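Participant:
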Amino acid sequence: MTAEYLSFDHGKHVLVILTDKSSYADALREICAAREEVPTRRGYPRYMYTDLATIYEHSGCIQR
Numbered sequence: 001m002t003a004e005y006l007s008f009d010h011g012k013h014v015l016v017i018l019t020d021k022s023s024y025a026d027a028l029r030e031i032c033a034a035r036e037e038v039p040t041r042r043g044y045p046r047y048m049y050t051d052l053a054t055i056y057e058h059s060g061c062i063q064r
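According to full-length UniProt numbering, the sequence shown is numbered sequentially starting from 1.
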């Protein structure tokens, strides 16, 4: 992720705000459709849940 690159590689303070997970999921669905990927039963890409889990894992304050 770009935020991790700026934080860890360049020592910058980074704040990322993702306010609405459903907007993220809808945008991901549109990208999936544009790339003609095979969606799951509800129309979302199969990797959406992994993406959301990764976002939750990386959230929080990290001391350097």
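In this text, a Cβ means the ideal position worked out from N, Cα and C, and glycines have one as well.
These numbers were taken from a predicted model, which means no experiment stands behind them.
Assuming leucine 6 and valine 16 form a contact by the criterion Cβ under 8 Å, report the distance between their Cβ atoms to the nearest whole angstrom.
Facilitator: Not really, about 10 Å apart at Cβ, beyond 8 Å.
Participant: Any idea if proline 45 is buried or exposed, counting beta-carbon neighbours within 10 angstroms, 16 or more meaning buried?
Facilitator: It counts as buried.
Participant: Excluding five sequence neighbours on each side, which residues of the same chain lie with their C-beta closer than 7 Å to the C-beta of tyrosine 24?
Facilitator: Counting only Cβ-Cβ distances below 7 Å, and skipping sequence neighbours, we find Leu18.
Participant: Could you check whether leucine 52 and lysine 12 sit closer than 8 Å to each other, using their CB atoms as the reference points?
Facilitator: Going by C-beta atoms, lysine 12 is not nearer than 8 Å to leucine 52.
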